[in-house]
Amino acid sequence: MIKRRLSANYVYTGKVNEFFRNAIIELDENNRIIQVLPNADNRELAFTEFYNGILVPGFINVHSHLELSGLKNKMEKNTGLAGFFEQLNAKRAALITDASKNALQMAIEEMWRNGIVAVGDIVNTPDTLDVKKKFYAQLYFHNFVELIGFAASHADSVFNIGLELASKFAHFSNSSIVPHAVYSVSEALFELIFRHSSLSESILSIHHQESIHENLIIAQRAGLLAKVFNHRKYHLNDLPLSDTVSDFISHKISNQKLILVHNTFAGVCDLQGFNKQNTFLAICINSNLFIENEIPLIDQLYASGLPICLGTDSFASNDSLSILDEIKSIMYHFPEFDFSEVLSWATLNGAKALNIQNDYGTFEKGKKPGVNLIQNFDFKRKRVSNDSLVKRIA
Ligand SMILES: [Zn+2]
807 MIKRRLSANY VYTGKVNEFF RNAIIELDEN NRIIQVLPNA DNRELAFTEF YNGILVPGFI
867 NVHSHLELSG LKNKMEKNTG LAGFFEQLNA KRAALITDAS KNALQMAIEE MWRNGIVAVG
927 DIVNTPDTLD VKKKFYAQLY FHNFVELIGF AASHADSVFN IGLELASKFA HFSNSSIVPH
987 AVYSVSEALF ELIFRHSSLS ESILSIHHQE SIHENLIIAQ RAGLLAKVFN HRKYHLNDLP
1047 LSDTVSDFIS HKISNQKLIL VHNTFAGVCD LQGFNKQNTF LAICINSNLF IENEIPLIDQ
1107 LYASGLPICL GTDSFASNDS LSILDEIKSI MYHFPEFDFS EVLSWATLNG AKALNIQNDY
1167 GTFEKGKKPG VNLIQNFDFK RKRVSNDSLV KRIA
């Protein structure tokens, strides 16, 4: 039964180049789409709610660390990745306070207000378990249980702790076990993770080319990351050895779905070895500006043919948890991209990356993607402006 009819100056469906003037979206009582009437210009259907702006599907945030929400406004910017880890280490104590639990809830509420409907969230602890249960009906979570372990001798125990943590989240959401990055996981632990993901057909996610020092540590055990880890007496010898981190991952992956996160220093050559059908490039541009004051070469990433999706990362490296803010930054730095293209990264591609495209990502019959209104849209140039705002409509 039709519960609501929604319309606006334009309806963007989430697919590239697909937008309709004054289209109407019909929703049932569960906010599932009954139909989209694309050319509804001259019709006047009863009970239609008309909004000034554009309607877009709910945003998919493929990469965050909600656990770090307590570090909002506590981290220094532009310290580089090695400096970021040093700060994180020094400030971890701030994450086990009651204030941090509040920050966690506020972070999820902020995502919700900003029109985010699904989140790929990195999990290192059970800290987010209770609050995610609370928001279970309103936000879809895919929990990436992330493993870090330098010493090969600890690989089994680290992996088993990961399995146990994943089982806690598995009761009410999807989860998978993933490596943090090539420079923080022993080759032995990689074997366990890759075998598990291949057998369970679970989605992999890995931080990839976030710093130029990643390749240095993997090829030569040199660079700033190596310096920081050596100082802490980590076992660098058990890490993979490879010319580049990209080479190592692409050779190890079979056919599981993979999200490469950041790609700040990745070029077309780095991406050639990855399968275009199931490798996704997650861009977190505002986090890259925060940590490294660098931006990914999105034009080159796009040219690689691998689908792009978007993430906010966390309050430890971002001032907001807003996919619209990520879109604004991307369109500011790469004005050559069409808005409907970038929107598809934030909606359809993100949904595909998290395997939820049957319900999310586009305005199509039978889906329940959520409906966002973008106000202050620049209709003349057909793109978001600095003043654009997002409001959740359904
Ligand atoms: Zn991250």
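Following the working numbering, the numbering of the sequence shown begins with 807 at its first residue and continues without gaps. A virtual CB, placed ideally from N, CA and C, is assigned to each residue, including glycine. For clarity, every value in this text was computed on a predicted model and none was experimentally measured.
Cβ distance (whole Å) where Leu843 is taken to contact Lys809 below 8 Å
So it is not a contact: roughly 15 Å between Cβ atoms.
Is Cys1075 helix, strand or coil by DSSP?
Three-state result, Cys1075: helix.
Using the C-alpha atoms, what's the distance from Leu1010 back to Phe1054?
15 Å
Within the stretch 1025 to 1105, ranges of the beta strand (DSSP E) (whole runs, at least 3 residues)
Fully enclosed beta strand (DSSP E) runs of 3 or longer: 1064 to 1068 and 1085 to 1089.
Could you check the C-alpha separation between Ala888 and Ala852 for me, to the nearest Å?
Cα-Cα distance, rounded: 59 Å.
Beta-carbon proximity of Ser982 to Ile954, cut-off 8 Å
no
Got a sec: does ligand 1 put a non-hydrogen atom nearer than 7 Å to the Cβ of Val984?
Flag unset: Cβ of Val984 not near ligand 1.
First and last residue of the uninterrupted beta strand (DSSP E) at Phe1183
For Phe1183, the uninterrupted beta strand (DSSP E) run begins and ends at Val1177 to Asp1184, by DSSP.
Where do the N-terminal and C-terminal ends of the beta strand (DSSP E) with Ser1191 fall, by residue?
Arg1189 to Arg1198
Ligand 1 and Val1067: does the residue's C-beta get closer than 7 Å to at least one heavy atom of that ligand?
yes
Within the chosen definition, does the stretch 884 to 902 reach the stretch 962 to 974 through at least 3 CB pairs nearer than 8 Å?
Contact check between the stretch 884 to 902 and the stretch 962 to 974: fewer than three CB pairs, one atom from each, fall below 8 Å, which does not count as touching.
Can you have a look at Pro1141 and say buried or exposed, based on whether 16 or more other CB atoms are within 10 angstroms of its CB?
exposed
Could you give the residue range of the beta strand (DSSP E) that holds Ala924?
Note, Ala924: beta strand (DSSP E), Ile922 to Val929.
Limits of the beta strand (DSSP E) - the one that Ala814 falls within:
Arg810 to Tyr818
From what residue to what residue does the beta strand (DSSP E) around Gln841 run?
Ile839 to Leu843
Which residues bound the alpha helix (DSSP H) around Tyr942?
No alpha helix (DSSP H) holds Tyr942; DSSP gives it neither H nor E.
Taking contact to mean 3 or more Cβ pairs, one atom from each stretch, closer than 8 Å, check whether the stretch 1087 to 1107 and the stretch 1039 to 1053 are in contact.
Counting Cβ pairs under 8 Å, fewer than three are found: no touch.
Option in Ala1157, Val1190, Asp1131 and Ala1072 with minimal Cα separation from Asn920:
Cα-wise, what sits closest to Asn920 is Asp1131.
How about Tyr946 and Val923: are their beta carbons less than 8 Å apart?
yes
Specify the secondary structure class of Leu969 as computed by DSSP and reduced to three states.
Here Leu969 sits in helix by DSSP.
Exposed or buried, His948, counting other C-beta atoms within 10 Å across all chains shown (16 or more means buried)?
buried
Excluding the five sequence neighbours on either side, which residues of its own chain have a C-beta within less than 8 Å of the C-beta of Phe1058, listed in chain order?
What sits at residue 1058 in the sequence shown is Lys, not Phe. Taken in chain order, the residues that qualify are Phe996 and Phe1000.
Identify whether Asn858 lies in helix, strand or coil by the three-state DSSP scheme.
strand
CB-CB length for Val925 against Met917, believed under 8 Å:
6 Å
Apart from the five residues on each side of it in sequence, which residues of its chain come closer than 6 Å, Cβ to Cβ, to Arg811?
Ile830, Glu832, Leu851, Phe853 and Thr854
Taking DSSP's pairing of strands, which residues face Ser1011 in a bridge?
Ile1065
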